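Colleague: Here you go, one structure.
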Ligand code: ADP
Ligand code: MG
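In this note's numbering, the protein residues as written are 162 to 783.
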């Protein structure tokens with residue numbers, strides 16, 4: 162008996178589908194690319210439930226007659242090549258004739274299409290590669306594909322799909338990769354009946370700005386170089402626009418998105434001295450090369466492309482980027498958060514400094530932990546917690562510090578900055594008050610009993626905020642919020658907007674009053690009352706950066722990540738000059754924490770030196 166037999170067409174298609182269609186985003190990519198190949202001037206994409214329920218792509222392209230409409234679902238049915246030689250002069254995105262056959266074998270597909278000049282169009286219905294309906298219909302010129310119930314007959318695939326937000330992010334990735342090479346085509350994208358994009362026909366720079374937000378107008382420097390091996394066009398972001406997480410980095414060759422670590426290196430190395438460590442540049446680089454100089458046998462899902470003259474192109478690209486930077490002379494624009502350049506010491510020169518008065522003005526305290534009437538405000542943390550994981554002597558210090566700080570608090574009406582300007586008052590020392598000063602804009606120096614404490618202001622502040630935020634996230638009620646005088650609209654990249662939408666409920670709990678606004682924006686009506694005065698846009702951007710960094714580098718739960726990121730964003734930085742009030746607040750709040758000795762990231766929040774430690778440092782007495 163023969164053991165070998167040919168697979169049925171349906172099985173062969175399903176196998177092919179496994180390679181071509183990995184997730185809903187693959188369908189979006191294939192349908193959008195077909196629309197572009199059909200010469201569309203506008204493409205509308207409608208997605209429901211991240212593509213599980215529906216992916217619909219409508220174009221006003223050339224459409225198909227009744228025979229083609231049926232044929233396009235056959236494997237290796239394509240209008241784009243007819244001989245192997247055609248591969249070397251390929252101008253279209255598709256050519257394998259596999260996509261539609263694959264999609265039809267694993268979904269319910271409806272096609273409505275009409276070529277120009279025909280009175281009637283064709284409507285076809287496929288279910289798992291079987292044609293259920295085929296009839297003339299009236300429809301607009303062009304083509305609409307509706308793909309429903311993806312993977313309905315491949316439960317294993319369906320199960321492996323990730324959450325809606327992950328799958329939708331993949332869809333956004335594919336959407337970007339198409340819209341960024343076809344600015345001459347208008348696009349819309351809807352998800353669950355919400356319009357996320359409405360991109361009119363535009364020039365390239367305007368398209369990038371329309372996609373990523375107005376702030377990109379100032380961020381992009383044009384790159385343009387021509388040589389025999391390639392033509393390079395596009396934009397690189399200014400060094401100041403570089404981010405800690407990989408943001409928008411796009412390479413295209415002959416209108417096709419691709420990844421190329423070697424070329425990526427060419428760009429980053431060109432910017433090397435201009436970018437601070439761990440920062441990634443933004444770039445949109447478009448190569449135009451002779452199709453015979455690249456390997457066109459590109460797998461539909463693989464995005465690596467092989468160039469025949471990679472080394473030459475590497476140098477050429479690097480030079481083009483350097484030239485772009487050079488001609489805009491932007492090195493002077495670099496402004497990253499460097500520590501404050503001056504070394505601020507609060508100890509006055511001449512005379513013995515008197516320890517400062519610890520006064521406490523709740524209206525000026527950036528943390529707002531205690532109101533004048535003593536009631537807890539904002540992110541309360543249980544004061545009864547005993548610090549865990551620290552040695553016995555330190556435990557005692559915490560306990561007594563905590564007591565000391567909850568008792569000796571006095572309230573002053575003088576704003577902290579005025580206090581700084583009043584050395585007379587500052588020098589009047591009250592009884593039993595703890596001496597305290599800021600050292601190098603970095604540490605709060607104070608003593609307790611016979612110990613000297615050096616508190617790292619940033620690490621301490623992160624710990625305090627982290628515990629408050631975690632506490633707040635457990636609560637039902639949102640944290641106290643301060644209404645903004647003018648609601649602010651803040652625009653994000655589509656991915657960031659999606660991430661924010663995902664964590665909206667938690668963010669609101671922390672005291673942000675905001676809601677989605679249009680495609681990629683949020684409208685912010687209020688911020689946590691601890692946070693008034695900080696620019697909202699910057700704050701949210703930093704929060705997202707930190708959140709994404711943590712997502713990549715650590716496997717944190719969402720709330721944990723949010724709390725850490727927000728604590729980091731809101732924390733008092735090293736380099737910030739602190740008033741006495743602020744120092745007192747940090748001292749007070751730190752020792753109310755359940756784990757005061759380390760920052761959420763594990764750095765020590767303070768160093769404690771006992772008298773005997775210091776004596777030992779001084780050497781043995783003779
Ligand atoms: P490929 O794109 O590799 O040719 P596909 O399976 O994606 O393979 O499509 C098969 C054929 O169907 C295409 O070659 C094209 O002729 C036709 N086709 C697909 N989508 C459209 C569309 N939106 N408008 C017009 N023709 C289309
Ligand atoms: Mg195709």
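Cβ coordinates follow ideal geometry from the N, Cα and C atoms, glycine included. As the structure is a computational prediction, the values presented were derived from the model and not from experiment.
Taking 8 Å as the threshold (C-beta atoms), are residue 296 and residue 236 in contact?
Modeller: Within the chain shown, the letter at position 75 stands for residue 236. Within the chain shown, the letter at position 135 stands for residue 296. Result no, Cβ atoms of residue 236 and residue 296 do not sit closer than 8 Å.
Colleague: Under a criterion of Cβ closer than 6 Å to any non-hydrogen atom of the ligand MG, which residues qualify, in chain order?
Modeller: My final list is 191, 194, 195, 255 and 260.
Colleague: For residue 191, which residues from the same chain have a beta carbon less than 6 Å from its beta carbon, with the 5 sequence-adjacent residues on both sides left out?
Modeller: Translated into positions along the chain shown, residue 191 becomes position 30. Once the five neighbours on either side are set aside, the close Cβ partners of residue 191 are 260.
Colleague: In terms of residue numbering, what span does the alpha helix (DSSP H) encompassing residue 337 cover?
Modeller: Taking the chain shown and counting its residues from 1, the one referred to as residue 337 is at position 176. Residue 337 -> alpha helix (DSSP H) spans 325-340.
Colleague: Leaving aside the five residues before and after residue 239 along the sequence, list all residues of the same chain whose C-beta is less than 8 Å from its C-beta, in chain order.
Modeller: For this step, residue 239 is matched to residue 78 along the chain shown. For residue 239, where only same-chain residues beyond five positions count, the Cβ hits under 8 Å are 255, 256, 257 and 258.
Colleague: Kindly indicate the opening and closing residues of the beta strand (DSSP E) around residue 676.
Modeller: Here residue 676 corresponds to residue number 515 of the chain shown, with the count starting at 1. First-last of the beta strand (DSSP E) with residue 676: 674-678.
Colleague: Does DSSP put residue 398 in a helix, in a strand, or in coil?
Modeller: Position 237 of the chain shown, counting from 1, holds the residue named residue 398. Looking at residue 398 - three-state DSSP - the assignment turns out to be strand.
Colleague: Can you check which of these residues, 622, 306 and 684, is closest to residue 698 by C-alpha distance?
Modeller: The residue labelled residue 698 in the question sits at position 537 within the chain shown. Taking only the C-alpha atoms, the option nearest residue 698 is 684.
Colleague: Between which two residues does the beta strand (DSSP E) holding residue 670 run?
Modeller: Indexing the chain shown from 1 puts residue 670 at position 509. Looking at the DSSP string, residue 670 is not in any beta strand (DSSP E); the run it does join, the alpha helix (DSSP H), is 665-670.
Colleague: Taking C-alpha atoms, which residue in 253, 277 and 205 lies nearest to residue 227?
Modeller: Walking along the chain shown from the start, residue 227 turns up at place 66. Here the closest residue by C-alpha is 277.
Colleague: Pull up the distance between the alpha-carbon of residue 667 and that of residue 708, whole angstroms please.
Modeller: Here residue 667 refers to the residue found at position 506 when the chain shown is read from its first residue. Here residue 708 refers to the residue found at position 547 when the chain shown is read from its first residue. Approximately 13 Å, taken between the alpha carbons.
Colleague: Quick check on the DSSP output: the beta strand (DSSP E) that includes residue 599 runs from which residue to which?
Modeller: Counting from one through the chain shown, the residue named residue 599 turns up at place 438. Note, residue 599: beta strand (DSSP E), 597-600.
Colleague: Quick one, which of 367, 758, 322 and 317 has its alpha-carbon nearest residue 340's?
Modeller: Locating residue 340 in the chain shown gives position 179, where the first residue counts as 1. Nearest C-alpha to residue 340: 367.
Colleague: Under 8 Å, do residue 688 and residue 673 count as touching if we go by C-beta distance?
Modeller: Counting from 1 along the chain shown, the entry for residue 688 is found at position 527. Counting from 1 along the chain shown, the entry for residue 673 is found at position 512. Result yes, Cβ atoms of residue 688 and residue 673 sit closer than 8 Å.
Colleague: Would you decide whether residue 750 is buried or exposed? Buried here means 16 or more other CB atoms lie within 10 Å of its CB.
Modeller: Along the chain shown, one-based indexing puts residue 750 at 589. Its Cβ being crowded by 16 or more others within 10 Å, residue 750 is buried.
Colleague: Looking at the unbroken beta strand (DSSP E) that takes in residue 356, where does it start and where does it end?
Modeller: By one-based count along the chain shown, residue 356 stands at place 195. Counting along the chain, the beta strand (DSSP E) containing residue 356 begins and ends at 355-360.
Colleague: Taking the alpha carbon of residue 326 as the reference point, which residue from 306, 199 and 186 has its own alpha carbon closest?
Modeller: Translated into the one-based positions of the chain shown, residue 326 becomes position 165. Taking only the C-alpha atoms, the option nearest residue 326 is 186.
Colleague: Answer yes or no: the CB of residue 257 versus the heavy atoms of the ligand ADP, is any distance below 7 Å?
Modeller: By 1-based counting over the chain shown, the position of residue 257 is 96. Result yes, Cβ under 7 Å from the ligand ADP.
Colleague: Rounded to the nearest angstrom, what separates residue 413 and residue 396 at their Cα positions?
Modeller: As a working note, residue 413 is residue 252 in the chain shown. As a working note, residue 396 is residue 235 in the chain shown. Spanning the two alpha carbons is a distance of roughly 12 Å.
Colleague: If you run the structure through DSSP and keep just helix, strand and coil, what is residue 682?
Modeller: Working through the chain shown from its first residue, we reach residue 682 at position 521. If DSSP states are grouped into helix, strand and coil, residue 682 belongs with the strands.
Colleague: Run the CB neighbour count on residue 617, radius 10 Å, all protein chains shown included, and call it buried at 16 or more, exposed below.
Modeller: The sequence position of residue 617 within the chain shown is 456, counting from 1. Looking at its Cβ environment, which holds 16 or more other Cβ atoms inside 10 Å, residue 617 is buried.
Colleague: When the Cα atoms are used, what is the spatial distance from residue 197 to residue 484?
Modeller: Here residue 197 refers to the residue found at position 36 when the chain shown is read from its first residue. Here residue 484 refers to the residue found at position 323 when the chain shown is read from its first residue. Going from the Cα of residue 197 to the Cα of residue 484 covers about 33 Å.
Colleague: Can you determine whether any heavy atom of the ligand ADP sits closer than 7 Å to the C-beta of residue 273, and answer yes or no?
Modeller: Residue 273 sits at position 112 when you count from the first residue of the chain shown. Result no, Cβ not under 7 Å from the ligand ADP.
Colleague: Hey, residue 233 and residue 273 are a contact pair by Cβ (cut 8 Å); roughly how many whole angstroms apart?
Modeller: The residue you call residue 233 lines up with position 72 of the chain shown. The residue you call residue 273 lines up with position 112 of the chain shown. Contact doesn't hold; Cβ gap of about 13 Å is too wide.
Colleague: Check whether the Cβ of residue 220 sits closer than 7 Å to any heavy atom of the ligand ADP, and report yes or no.
Modeller: As a first step, residue 220 is located in the chain shown; it is residue number 59 there, counting from the start. Correct: residue 220 has its Cβ closer than 7 Å to the ligand ADP.
Colleague: Residue 306 to residue 193, Cα distance in whole Å?
Modeller: For the purposes of this step, residue 306 is taken as the residue at position 145 of the chain shown. For the purposes of this step, residue 193 is taken as the residue at position 32 of the chain shown. When rounded, the distance between both Cα atoms is 10 Å.
Colleague: Locate the alpha helix (DSSP H) running through residue 319, then write down its first and last residues.
Modeller: Position 158 of the chain shown holds residue 319. Taken as a continuous stretch (DSSP letters only), the alpha helix (DSSP H) holding residue 319 covers 316-321.
Colleague: For residue 420, does the three-state DSSP call read helix, strand or coil?
Modeller: Counting from one through the chain shown, the residue named residue 420 turns up at place 259. Residue state, collapsed to three classes: strand.
Colleague: How long is the line joining the alpha carbons of residue 509 and residue 752, rounded to whole angstroms?
Modeller: Here residue 509 corresponds to residue number 348 of the chain shown, with the count starting at 1. Here residue 752 corresponds to residue number 591 of the chain shown, with the count starting at 1. Because the pLDDT at residue 509 is just 37, under 50, the model does not fix this residue reliably, and the point stays unresolved.
Colleague: Return yes when the C-beta of residue 162 is under 7 Å from any heavy atom of the ligand ADP, and no when it is not.
Modeller: If you number the chain shown from 1, residue 162 lands on position 1. The answer is no for residue 162.
Colleague: Since residue 218 and residue 264 are thought to touch, with beta carbons under 8 Å apart, how far apart are those beta carbons, to the nearest angstrom?
Modeller: On the chain shown, residue 218 is found 57 positions in, with the first residue counted as 1. On the chain shown, residue 264 is found 103 positions in, with the first residue counted as 1. The pair is not a contact, with the Cβ atoms about 11 Å apart (cut-off 8 Å).
Colleague: So which of 336, 354 and 355 has the shortest CA-CA distance to residue 347?
Modeller: Position 186 of the chain shown, counting from 1, holds the residue named residue 347. Per the Cα distances, 336.
Colleague: Using the C-alpha atoms, what's the distance from residue 447 back to residue 599?
Modeller: Here residue 599 refers to the residue found at position 438 when the chain shown is read from its first residue. Here residue 447 refers to the residue found at position 286 when the chain shown is read from its first residue. Approximately 52 Å between the Cα atoms of the pair.
Colleague: Just to check, is the beta-carbon of residue 476 closer than 7 Å to a non-hydrogen atom of the ligand ADP?
Modeller: Sequence index remark: in the chain shown, residue 476 carries index 315 (1-based). Outside the cutoff, so no.
Colleague: Please find out if some non-hydrogen atom of the ligand ADP comes closer than 7 Å to the beta-carbon of residue 239.
Modeller: Residue numbering aside, residue 239 sits at position 78 when the chain shown is read from its first letter. Yes.
Colleague: What does the alpha-carbon distance come out to for the pair residue 623 and residue 178?
Modeller: Taking the first residue of the chain shown as position 1, residue 623 is located at position 462. Taking the first residue of the chain shown as position 1, residue 178 is located at position 17. Each residue's alpha carbon lies about 49 Å from the other.
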